[in-house]
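Here is the structure we will look at.
In this note's numbering, the protein residues as written are 11 to 430.
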């Protein structure tokens with residue numbers, strides 16, 4: 011997506027924020043152009059090189075791989091829940107955003123940016139990246155509200171927070187976000203110019219986009235809809251969730267032994283850990299989006315006050331735009347790490363799926379025979395977690411030996427839950 015680094019003086023400054031790009035026009039005096047070269051042109055060039063040609067490919071490759079794994083794990087039948095439905099949709103839109111933003115980074119490659127195909131793709135790529143980003147914002151707010159209902163209003167949560175309802179709500183909310191971004195398709199046009207019998211194609215704004223009523227009204231609508239309102243909502247609901255988690259921790263300390271023996275309380279503790287994970291996702295989202303929100307506020311002030319910028323200040327804004335865009339890409343790429351670190355069940359299912367595709371793995375029957383031999387418990391395909399938990403003949407020593415014996419096999423992630 012085009013950011014401050016994509017626009018040369020004296021035309022416009024483009025700011026990428028939570029779900030959108032928009033153009034704010036500032037006046038740059040002719041004498042200030044030399045300041046760009048004298049002061050921080052090299053810093054801007056270095057920032058563009060590091061961000062667009064080093065960090066962006068690394069972030070996109072890592073994030074796309076993690077998101078694809080997340081989709082595979084979250085859609086596993088054993089992971090079926092309303093929360094995981096939202097997280098699956100979020101991973102899909104984050105992946106689309108990473109792919110689209112990566113193609114837009116080609117604008118910083120001299121051998122690609124003037125290609126005919128890229129010129130035609132660029133306007134659509136900008137709008138599509140806005141669409142995917144807006145959808146991710148809405149979904150993040152939606153699953154935060156869903157978790158608030160599940161934690162603070164559990165009776166209503168049992169009715170509202172179901173996988174079927176979650177799919178419908180996620181589709182509706184994402185569709186609304188995509189629909190809000192459709193007008194951006196009419197902001198750009200391709201202009202064909204001939205120079206010495208050579209046709210030159212360039213991207214320019216349409217007359218529709220230049221209308222003051224549209225540029226101001228639509229800009230502020232998107233700014234509030236996909237920036238300020240989501241940030242305020244996330245801060246508010248997560249404050250309530252954090253307070254609920256703290257209270258739950260205090261109760262757990264008092265009832266430690268009871269929780270260890272009651273399956274209902276164990277399920278409640280799993281829900282508690284899910285809440286912690288979602289809080290982590292929302293907090294990372296807020297941290298990564300705050301710089302973009304700050305740029306929006308600053309540029310809104312400049313626009314309202316009709317402030318003229320010199321070349322040095324323009325370059326500083328471009329550098330800040332590169333950094334804020336990188337943070338947004340990091341936010342789209344980091345969720346897999348959060349799931350892996352904060353969710354035991356996610357890790358267990360991931361390793362189980364990984365084991366199934368490993369070459370030379372043991373057959374399931376071989377594993378059951380080995381587990382039976384070393385534990386004294388009869389394992390079979392029909393063995394359930396309840397059977398193992400209720401089994402009184404498995405001594406603590408055998409439990410310890412069982413864990414040590416199977417520590418070298420990937421299957422431990424599937425069966426540790428039975429004997430914890």
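Quick reminder that beta carbons are idealized off the backbone N, C-alpha and C, glycines included.
Classify residue 332 as buried or exposed, calling it buried when 16 or more other Cβ atoms lie within 10 Å of its own Cβ.
With 16 or more other Cβ atoms within 10 Å, it is buried.
Taking 8 Å as the threshold, find out whether the region 182–191 comes into contact with the region 144–161 through three or more Cβ pairs.
Contact between the region 182–191 and the region 144–161 is present, because at least three Cβ pairs lie under 8 Å.
Quick one: which unbroken alpha helix (DSSP H) runs of 4-plus residues sit fully inside the region 315–363? Chain order, please.
Listed in chain order, they are 321–343, 345–352.
Going by CA-CA distance only, name the one from 354, 339, 127 that's closest to residue 142.
Ranking 354, 339, 127 by Cα distance to residue 142 puts 339 first.
Expressed to the nearest angstrom, what Euclidean distance is found between the alpha-carbon atoms of residue 347 and residue 100?
Their backbone Cα atoms lie some 14 Å apart in a straight line.
DSSP has residue 200 in a bridge; who is on the other side?
Residue 200 is bridged to 213.
Report all residues from its chain with a CB closer than 7 Å to the CB of residue 337; omit the five preceding and five following residues, and keep chain order.
Within the same chain, residue 337 has close Cβ partners 298, 301.
Starting from the C-beta of residue 219, find all residues in its chain whose C-beta is less than 6 Å away, skip the five residues before and the five after it, and write them out in chain order.
Correct list, in chain order: 197.
Under the assumption that residue 195 contacts residue 137 (Cβ atoms under 8 Å), give the Cβ distance between them as a whole number of angstroms.
Going by Cβ atoms, the distance from residue 195 to residue 137 rounds to 5 Å, so yes, they are a contact pair.
Within 10 angstroms of its Cβ, does residue 234 collect 16 or more other Cβ (buried), or is it exposed?
It counts as exposed.
Between residue 355 and chain D, is the shortest Cβ-Cβ distance under 8 Å, so that the two count as touching?
Of the protein chains in this structure there is only one, and it is not chain D.
Counting beta carbon pairs with one atom in the region 107–124 and one in the region 161–169, are three or more of them shorter than 8 Å?
At 8 Å Cβ cutoff, the stretches do not touch.
Excluding the five sequence neighbours on either side, which residues of its own chain have a C-beta within less than 8 Å of the C-beta of residue 350, listed in chain order?
Cβ neighbours of residue 350 beyond the five flanking positions: 356, 357, 360.
Given that a residue counts as buried once 16 or more other Cβ atoms are within 10 Å of its Cβ, and exposed if not, what is residue 251?
Looking at its Cβ environment, which holds 16 or more other Cβ atoms inside 10 Å, residue 251 is buried.
From the DSSP output, read off the bridge partner residues of residue 205.
For residue 205, which the question treats as bridged, DSSP gives the partners 208.
Go ahead and pull the three-state DSSP assignment for residue 124.
In this structure, residue 124 counts as coil in the three-state DSSP scheme.
Between which two residues does the alpha helix (DSSP H) harbouring residue 177 extend?
Counting along the chain, the alpha helix (DSSP H) containing residue 177 begins and ends at 173–191.
With distances taken Cα to Cα, identify the nearest neighbour of residue 115 among 133, 98, 103.
Minimum Cα distance to residue 115 is reached at 133.
In angstroms with no decimal places, state the Cα-to-Cα distance between residue 73 and residue 296.
Cα to Cα, residue 73 sits roughly 18 Å from residue 296.
Rounded to a whole number of angstroms, what is the C-alpha to C-alpha distance between residue 5 and residue 366?
The structure shown has nothing for residue 5, since the chain only spans 11 to 430.
Could you name the residues of the same chain whose beta carbon sits closer than 6 Å to that of residue 396, not counting the 5 residues immediately before and after it, in chain order?
At residue 396 the pLDDT is 42, less than 50, meaning the model places this residue with poor confidence; the figure from the coordinates comes in the next sentence. Answer for residue 396: no residue qualifies.
Taking the alpha helix (DSSP H) that residue 223 falls in, what are its first and last residues?
From DSSP, the alpha helix (DSSP H) with residue 223 extends over 222–233.
Once the 5 residues before and after residue 162 are set aside, which same chain residues still bring their CB inside 7 Å of it?
So the list reads 250, 254, once near-sequence residues are dropped.
In chain order, what residues of the same chain lie with their CB nearer than 6 Å to the CB of residue 112, ignoring the 5 residues before and after it?
If we look at residue 112 and ignore the five residues flanking it on each side, its Cβ neighbours are 70.
Taking the alpha helix (DSSP H) that residue 96 falls in, what are its first and last residues?
Counting along the chain, the alpha helix (DSSP H) containing residue 96 begins and ends at 92–114.
Can you grab the Cα-Cα spacing for the pair residue 200 / residue 222, in whole Å?
One C-alpha to the other measures close to 21 Å.
Rounded to a whole number of angstroms, what is the C-alpha to C-alpha distance between residue 354 and residue 146?
Going from the Cα of residue 354 to the Cα of residue 146 covers about 24 Å.
Can you name the start and end residues of the alpha helix (DSSP H) that residue 77 belongs to?
Per DSSP, residue 77 belongs to the alpha helix (DSSP H) from 66–84.
Please state if the CB of residue 248 and the CB of residue 190 are separated by a distance shorter than 8 Å.
Result no, Cβ atoms of residue 190 and residue 248 do not sit closer than 8 Å.
Could you spell out the range, first to last residue, of the alpha helix (DSSP H) harbouring residue 368?
Segment: none, residue 368 is in no alpha helix (DSSP H) and carries neither H nor E.
What distance in whole Å lies between the Cβ atoms of residue 139 and residue 110, which are believed to be in contact at a cut-off of 8 Å?
Correct: roughly 4 Å between the Cβ atoms.
In angstroms with no decimal places, state the Cα-to-Cα distance between residue 171 and residue 216.
Distance between the alpha carbons of residue 171 and residue 216 is about 44 Å.
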